[in-house]
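Protein sequences, first through last, are from chains A and B. Numbered according to UniProt numbering, the first sequence spans residues 1 to 100. Numbered according to UniProt numbering, the second sequence spans residues 1 to 100.
2 protein chains.
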Amino acid sequence: MNLKLATEIGKCLSNQTRVQIMEWLKDPEKNFRQHESLRNFDDGVCVTHIKDKSGLSQSTISTYLTNMQKCGLLILTRHGKWSYLKRNEKLIKEYTDFLK
Amino acid sequence: MNLKLATEIGKCLSNQTRVQIMEWLKDPEKNFRQHESLRNFDDGVCVTHIKDKSGLSQSTISTYLTNMQKCGLLILTRHGKWSYLKRNEKLIKEYTDFLK
DNA sequence: TCTATATATCTAGAAATTTAAATATATTTG
DNA sequence: CAAATATATTTAAATTTCTAGATATATAGA
Chain A
1 MNLKLATEIG
11 KCLSNQTRVQ
21 IMEWLKDPEK
31 NFRQHESLRN
41 FDDGVCVTHI
51 KDKSGLSQST
61 ISTYLTNMQK
71 CGLLILTRHG
81 KWSYLKRNEK
91 LIKEYTDFLK
Chain B
1 MNLKLATEIG
11 KCLSNQTRVQ
21 IMEWLKDPEK
31 NFRQHESLRN
41 FDDGVCVTHI
51 KDKSGLSQST
61 ISTYLTNMQK
71 CGLLILTRHG
81 KWSYLKRNEK
91 LIKEYTDFLK
């Protein structure tokens with residue numbers, strides 16, 4: 001972890017919806033229904049479900065999630081036409097260790 | 001910790017100078033010289049020293065530090081005409097626990 | 001009380017972020 | 001291949017943040 005990356009992570013975490021998404025993804029089973037194409041949450045939650053739950057537009061959520069993925073907070077896995085996102089616990093730990 | 005406070009903290013940590021200040025304050029002895037009026041760093045570092053080290057204007061640094069204090073990241077102690085700031089490790093832990 | 005120093009607040013222009021509509025791209029399915 | 005669906009990118013207007021100069025306030029010391 002370095003100053004620049006920590007600042008990029010901070011920017012992602014400076015918006016209530018984005019912090020909320022990080023919280024929702026802590027417990028996908030509780031916060032999201034099963035996706036039609038996958039029977040588990042091993043690769044996280046489908047982008048469409050995050051969009052629906054947030055109430056924001058598709059383009060806004062796509063921008064948010066792309067940035068959160070770029071700085072490493074989220075890990076993206078594609079299955080066909082769907083994208084699934086999960087928390088990157090390793091990076092989150094590096095970040096919180098850096099702050100402490 | 002709640003979503004709103006976590007977002008305010010995130011805003012403070014979304015700027016490189018402010019993250020840098022949090023890092024500097026981890027080790028005042030290493031990063032700052034002794035202040036003329038106090039012989040230890042028990043109450044942290046004098047605002048003027050933080051301003052000097054950052055290179056930003058007095059008003060900008062004052063605004064930064066006031067906000068960081070308002071959301072609880074920093075603890076302010078006044079001694080006469082000087083203000084000293086130190087990290088609020090308790091809140092920082094609450095925040096990092098919230099993220100994890 | 002007058003002056004100097006430390007910090008906070010007000011103000012405003014510059015820069016960055018927010019947000020969604022429009023459009024583009026990728027994938028699946030008929 | 002055409003149509004439908006999922007997601008990404010472009011664009012632009014609205015809002016927020018950044019930053020410092022000017023000014024205000026507080027404290028110390030002469």
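Glycine included, each C-beta is placed from N, C-alpha and C at the ideal position.
{"Item": "Just the chain B side, please: which residues come within less than 8 Å of A/Ser14 by C-beta, in chain order?", "Value": "Thr7, Gly10, Lys11, Leu13, Ser14"}
{"Item": "Just to confirm before moving on: does the CB-CB distance between B/Thr96 and B/Leu56 stay below 8 Å?", "Value": "no"}
{"Item": "Could you list which residues in chain B have their beta carbon closer than 7 Å to that of A/Thr96, in chain order?", "Value": "Thr96, Leu99, Lys100"}
{"Item": "Can you give me the start and stop residues for the beta strand (DSSP E) that A/Leu99 sits inside?", "Value": "Not the beta strand (DSSP E): A/Leu99 falls in the alpha helix (DSSP H), residues 89 to 99."}
{"Item": "Determine the contact status of B/Asn88 and B/Leu99, defining contact as a CB-CB distance below 8 Å.", "Value": "no"}
{"Item": "Give the C-beta separation of residue 103 of chain A and B/Ser14 to the nearest angstrom, bearing in mind that I take them to be a contact with Cβ-Cβ under 8 Å.", "Value": "As displayed, chain A neither begins before 1 nor continues past 100, which places residue 103 of chain A out of reach and without an answer."}
{"Item": "Report yes or no: is there a C-beta of chain B within less than 8 Å of the C-beta of A/Val19?", "Value": "yes"}
{"Item": "Out of A/Val45, A/His49, A/Leu85, which one is the CA nearest neighbour of A/Lys70?", "Value": "A/Leu85"}
{"Item": "Return the CA-CA distance between A/Val45 and A/Leu5, expressed in angstroms with no decimal places.", "Value": "25 Å"}
{"Item": "Using the Cβ count rule (16 or more neighbours within 10 Å means buried), how would you classify B/Ser59?", "Value": "exposed"}
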